[in-house]
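Student: The structure follows.
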Amino acid sequence: MQIIEQIKITTLQEAIRLNTYCEKYVSFFQSRKSVKKGIKNGAVLLNGQKVPGGTWLKIGDEIMILDLIQSPPKTYHLDIPVIYEDNHLAIVNKPAGLTVSGNQFKTLANTLRYNLIPTVEKHALSWPLPTHRIDNQTSGLVIIAKTKPARIKIGQLFEEKKIEKTYHALAMGRLETKEGWFDSAIENKNAATAFQVISEVKSLKNEYLTLVKLKPITGRTHQIRIHLSRNNTPILGDKLYSEETIQQKGLFLCANKVIFNHPITNELLNIEVPLPLKFNTRMKNEQRRWQNYHA
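Residue 367 is where the sequence shown starts when you use the working numbering, and the numbers rise one by one after that.
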């Protein structure tokens, strides 16, 4: 039995139950169903005890996540770009269309033993584990833990909002202001996203196509997608929050930058990757079509 994560509740932004907390903040679980199953099977302990999922959390509580599977998951042999790696953690660039973790075989989690160098640290995890999730259709950076202390500390950094994530999206339409905040609540909970327009081109289909940089301050599910959709500038290719989609092009959303202090050495890590080529290609094509039409 492997301890996946130990979380000490030091602050609470809102009243929250154990099952909801696990669904929102524990990357080991991919869905509400998997949280429910984990609690039922004893993979989630609160203060060392098996408790109902509806138990309210309080300051000082400790959540322990156990992996009841004795053998490592079957390895998925898919090359994933490794952007940063040391003995404690790695940062990989997940392609769009790949789920971070879950019950299925073809997940990012199952590629990690194939792509990462085994750690020589004493408190190594039995196998590397993602510390957070991004949507299946979103490409970009995912932080991977290779040791137990790194796994625990990274979880604390996320909880304390000390990991800064930057996304870029192609939005259909034109944002009225070049820089600002989206702050409409999601499921009756506070949600905030900072945005900055990087560039825009005229579009025959959408009037404008806008490249926008986004920094989520809170971590609600689909927060960026919901905020842009409510602004009447949904993300290109978003099948869930927009009626207009693009065949075979996917979602134009990328988590391309993370900044945080290394959980063990305290070194500042500022990791950034270029946006997928489809972003620039789409902008150029839209601009060329508009210019040709008005020539």
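Built from N, CA and C at the ideal position, the CB exists for glycine as well. Small disclaimer: the values here were computed from a predicted structure and weren't measured.
Going along the chain, which unbroken runs of the alpha helix (DSSP H) with 4 or more residues stay wholly within the segment 529-605?
Tutor: 589-596
Student: Have a look at Ser550 and Leu580 and give me their C-alpha separation to the nearest angstrom.
Tutor: Ser550 and Leu580: Cα-Cα distance of roughly 15 Å.
Student: For the segment 582-591 and the segment 624-637, state whether three or more C-beta atom pairs, one from each stretch, are separated by less than 8 Å.
Tutor: no
Student: So what's Asn459 in DSSP terms, helix, strand or just coil?
Tutor: strand
Student: Which same chain residues end up closer than 6 Å to Gly419 when comparing Cβ atoms and leaving out the 5 residues on each side of it in sequence?
Tutor: Sequence-distant partners of Gly419 (beyond 5 residues in either direction) whose C-beta falls short of 6 Å from its own C-beta, in its chain, are Leu384, Asn385, Ile405.
Student: Quickly, what does DSSP pair Thr513 with across the bridge? List them, please.
Tutor: Ala490
Student: Give the DSSP-derived three-state secondary structure of Arg383 in the structure shown.
Tutor: strand
Student: With distances taken between CB atoms, is the gap from Val578 to Val567 smaller than 8 Å?
Tutor: The answer is no: Cβ separation not under 8 Å.
Student: Using alpha carbons as the reference points, say which of Ile373, Lys374, Glu380 lies closest to Lys555.
Tutor: Glu380
Student: If I follow the unbroken beta strand (DSSP E) through Leu412, where does it start and stop?
Tutor: Counting along the chain, the beta strand (DSSP E) containing Leu412 begins and ends at 410-412.
Student: So, with DSSP's three-state summary, where would you put Asn469?
Tutor: In this structure, Asn469 counts as coil in the three-state DSSP scheme.
Student: Going by other Cβ atoms of all chains shown within 10 Å of its Cβ, with 16 needed for buried, is Val486 buried or exposed?
Tutor: exposed
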